[in-house]
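Participant: Sharing a structure below in structure tokens format, with a few things to ask.
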Amino acid sequence: MELKDKAIVVTGSSSGIGKAITEFFLENGAVVYGFSRRNSDFSNDNFHWIECDLLNDGSIEKGISKIGDNHVDILVNNAGYLEQCDSLNFSKEVFEKTFQLNMIAPVLMIQNLLPKLKDSVVINISSISDRLGDNMYALYCSSKAALNIYFDSISTKYKDFKIYSILPDYVDTPMLRKDMEGKDFDWGNTLKTSDIVDTVSIILNSDLPNSARIAVINDSMTEDVEPIEEFFVYNSDSKKMGKNHKEQSKR
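Read left to right, the sequence shown gives residues 98 to 348 (our numbering).
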């Protein structure tokens, strides 16, 4: 896709993955509307900061109104929230903040931008953790799972735009650095924000189906992908149960 003069909305554009994606679009001549609470240090006339608190539904609607009647070629739902807490011991505040930023805000973004998304591309920065349960990340994992299935559901009806969910493993970002502070963590094997930018570029220049999930890993993370296919299915015709549908087809 030729990006010059394309109108692009990126949430969470002030840091981490969102900032790297915004830089990529600006370098390629796109016009970017960056939604964030803090202004970014982009000295580029094609960057338009939209001050927005994604925890506030009214702020989202107000921010989108500032785009005016302009068509949006690409929407990148990137902003998210991560906080470790036991799966059965967390506050209502953490629960609501996690789901608001990771699930509800992207829903409100696409609902409000729908009239502007004809022949457009929607990209969600999700997580491979949508299939990998973890006691201390239960809220994060479940919010990403909800995000992915919601947008999969949209794609069953709405064909005027494409929907892609990027599912990275660990990415070295300020959010992850804060979460892992003081913990023994192998930073040498994490993905870089540039890896996500590369994925976005490939998506926009590939002949993919109108809807797809794309896991992003490196060589050290291949085992993390395996559990995605590890589920049991009972086939009522064969009266057998196995780990996947292929096993059930063997009668």
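Built from N, CA and C at the ideal position, the CB exists for glycine as well.
Just so we're clear, the structure is a prediction, and the values are computed from it rather than from any experiment.
Around the C-beta of G126, are 16 or more other C-beta atoms found within 10 angstroms, so that it is buried, or is it exposed?
Facilitator: So G126 counts as exposed.
Participant: Just grab the DSSP bridge partners of G165 for me.
Facilitator: According to DSSP, which records beta bridges pairwise, G165 is partnered with nothing at all.
Participant: Tell me the start and end of each unbroken alpha helix (DSSP H) in the region 122 to 184 that is at least 4 residues and wholly inside, in chain order.
Facilitator: Qualifying alpha helix (DSSP H) stretches, in chain order: 154 to 162.
Participant: 9 angstroms is my cut-off, CB to CB: does D304 come that close to chain D?
Facilitator: Reference to chain D is not applicable here, since this structure consists of a single protein chain.
Participant: According to DSSP, is F258 helix, strand or coil?
Facilitator: In this structure, F258 counts as strand in the three-state DSSP scheme.
Participant: Give the single residue among G109, N175 and Q181 whose Cα lies nearest to the Cα of G230.
Facilitator: Taking only the C-alpha atoms, the option nearest G230 is Q181.
Participant: Measuring CB atoms only, is the region 286 to 297 touching the region 243 to 250, in the sense that at least three cross pairs come out at less than 8 angstroms?
Facilitator: Result no; under three Cβ-Cβ pairs closer than 8 angstroms.
Participant: Sort out for me which residues DSSP pairs M338 with in a bridge.
Facilitator: Y331.
Participant: Quick one, which of S308, V128 and V106 has its alpha-carbon nearest D142's?
Facilitator: Closest by alpha carbon: V128.
Participant: I'd like to confirm the pairing. Which residues does DSSP put opposite T290 in its beta bridges?
Facilitator: Beta-bridge pairing links T290 to no other residue.
Participant: Jot down the residue ranges of each uninterrupted alpha helix (DSSP H) in the region 232 to 280, minimum 4 residues, whole runs only, in chain order.
Facilitator: Whole alpha helix (DSSP H) segments, 4+ residues: 235 to 252 and 271 to 276.
Participant: Terminal residues of the continuous alpha helix (DSSP H) containing I207?
Facilitator: Per DSSP, I207 belongs to the alpha helix (DSSP H) from A202 to L210.
Participant: Counting C-beta neighbours from all protein chains within 10 Å, is the total for K259 16 or more, i.e. buried, or is it exposed?
Facilitator: The residue in question, K259, is buried, as its Cβ has 16 or more Cβ neighbours within 10 Å.
Participant: Give me, in chain order, the residues of the same chain whose beta-carbon lies closer than 7 angstroms to that of S317; leave out the 5 immediate sequence neighbours on both sides.
Facilitator: Correct list, in chain order: N286.
Participant: Would Q208 pass as a contact of Y178 if the rule is Cβ separation under 9 angstroms?
Facilitator: No. Outside cutoff.
Participant: Give every residue of the same chain whose Cβ lies closer than 7 angstroms to the Cβ of N302, excluding the five residues on either side of it in the sequence, and list them in chain order.
Facilitator: The answer, listed in chain order, is M98.
Participant: Since F144 and G131 are thought to touch, with beta carbons under 8 angstroms apart, how far apart are those beta carbons, to the nearest angstrom?
Facilitator: The Cβ separation is near 6 angstroms, so the contact holds.
Participant: Check whether the Cβ atoms of K103 and D170 sit closer than 9 angstroms, and answer yes or no.
Facilitator: Closer than 9 angstroms, so yes.
Participant: Answer yes or no: do D276 and L288 have a C-beta to C-beta separation smaller than 9 angstroms?
Facilitator: Contact: no.
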